[in-house]
Amino acid sequence: MNQLKKEFTIAFQLSSVSRYSRDHLLKPESVLEHTGFCLVYAALLADRVERRGMTVLRSDLFRKIAFHDIDEAILGDIPRTTKYFSETLRSAMKEVETTTIARLDSWLGSNMNHWWKNAKNSSEGAILRVVDLAAVVYKNWTEVVLLRNRSFLRVCVETQRYLDEMNMLEFPMQLVDEIEELKRLNKEILRSEEHTSELQSRFGI
């Protein structure tokens with residue numbers, strides 16, 4: 001198989017892997033779609049944070065985003081609750097992911113491992129972390145608000161808990177307002193009048 005076909009194969013695999021594998025979606029989302037959203041959102045966010053005085057190396061940022069979920073072309077989408085079920089399981093999963101990336105690099109003759117391994121390091125990595133969160137809030141908004149998928153409320157609740165527990169000291173100050181805005185939007189989804197009583201009864205909030 002020539003180089004072009006190999007690269008097309010990876011893109012096709014990413015387009016075939018569905019995110020939120022344990023949840024009912026009214027609009028399914030592939031890993032390739034997720035990556036596309038992240039790239040668009042990151043381009044807009046990079047402009048905003050630069051106006052606040054943050055330096056962004058866009059070539060590094062876009063490579064990190066392009067490759068941050070590349071292992072899922074082989075492994076599929078594994079729910080966070082499974083990945084982080086225990087330290088032992090997380091360690092084993094990390095070893096599998098690392099081996100997968102090494103094999104992909106060997107097959108493609110690429111250097112994705114460097115960008116994948118360091119995806120969430122540096123200022124660009126901090127932007128990726130925010131963008132990854134924004135992708136979840138975006139999905140909450142589209143499924144619950146636009147498409148009225150009430151079964152997705154559980155994901156909204158889990159997202160809010162994660163957002164509320166985040167340590168803001170881990171992020172450059174130029175990104176804090178963005179995270180706070182994501183919190184506000186996710187709370188707005190949760191507090192919409194038509195869902196309030198259901199959330200209180202189902203999730204105790």
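At position 6 of the sequence shown (counting the first as 1) the number is 6 in the working numbering, and the numbers step up by one without a gap.
C-beta: ideal position from N, C-alpha, C; glycine also.
Q: Starting from the Cα of L26, find the closest Cα among V145, Q174, F171, R191 and give me that residue.
A: The shortest Cα separation from L26 among V145, Q174, F171, R191 belongs to V145.
Q. G76 lies in the alpha helix (DSSP H); which residues open and close that run?
A. Boundaries for G76: no alpha helix (DSSP H) harbours it, and the DSSP string shows neither H nor E there.
Q. Which residues share a DSSP beta bridge with S30?
A. S18, per the DSSP bridge assignment.
Q) What three-state label does DSSP hand L185 in the structure shown? A) Helix.
Q: Work out the CA separation of T100 and I74 for me, nearest whole Å.
A: Going by C-alpha positions, I74 is about 7 Å away from T100.
Q: Report yes if the C-beta distance between L128 and H68 is below 9 Å; otherwise report no.
A: Yes, they are a contact pair.
**Q.** Coil, strand or helix - F85 by DSSP
**A.** Under the three-state reduction of DSSP output, F85 falls in the coil class, being neither helix nor strand.
Q. Can you check whether the CB of S21 is closer than 9 Å to the CB of P79?
A. Yes, the Cβ-Cβ distance between P79 and S21 is below 9 Å.
Q: Please state whether DSSP places M112 in a helix, a strand or coil.
A: DSSP places M112 in the helix class (H, G or I) of the three-state scheme.
Q | Alpha carbon of Q3 to alpha carbon of R63, nearest angstrom | A | Roughly 19 Å separates the two Cα atoms.
Q) Does the Cβ-Cβ distance between E178 and A135 come in under 9 Å? A) Against a cut-off of 9 Å, the Cβ pair of A135 and E178 comes out as no contact.
Q. CB-CB under 6 Å to M168, same chain, minus the five flanking residues each way: which ones, in chain order?
A. Hits under 6 Å: V176.
Q) Within this structure, are the beta carbons of T82 and L89 separated by less than 9 Å? A) Closer than 9 Å, so yes.
Q | Straight-line gap, E158 to L44 (C-alpha atoms, nearest Å) | A | Whole-angstrom Cα-Cα distance: 26 Å.
Q) Using the C-alpha atoms, what's the distance from S106 back to F85? A) Going by the C-alpha atoms only, they are around 30 Å apart.
**Q.** Per-residue DSSP class, three states only, for L163
**A.** In this structure, L163 counts as helix in the three-state DSSP scheme.
Q.
Is I70 close to chain D? Criterion is C-beta to C-beta, closer than 9 Å.
A. Reference to chain D is not applicable here, since this structure consists of a single protein chain.
Q.
Counting C-beta neighbours from all protein chains within 10 Å, is the total for K117 16 or more, i.e. buried, or is it exposed?
A. Counting the other CB atoms within 10 Å of its CB gives K117 a total below 16, which places it among the exposed residues.
Q) Rounded to a whole number of angstroms, what is the C-alpha to C-alpha distance between N140 and L147? A) Taking the straight line joining both Cα atoms gives about 10 Å.
Q) Residues in its own chain within less than 7 Å of K6 by CB, not counting five upstream and five downstream? A) Within the same chain, K6 has close Cβ partners W107, L108.
Q: Compare the Cα-Cα distances from S151 to each of L61, L185, L163, L190 and report the closest residue.
A: Comparing Cα-Cα distances from S151 to each of L61, L185, L163, L190, the minimum goes to L190.
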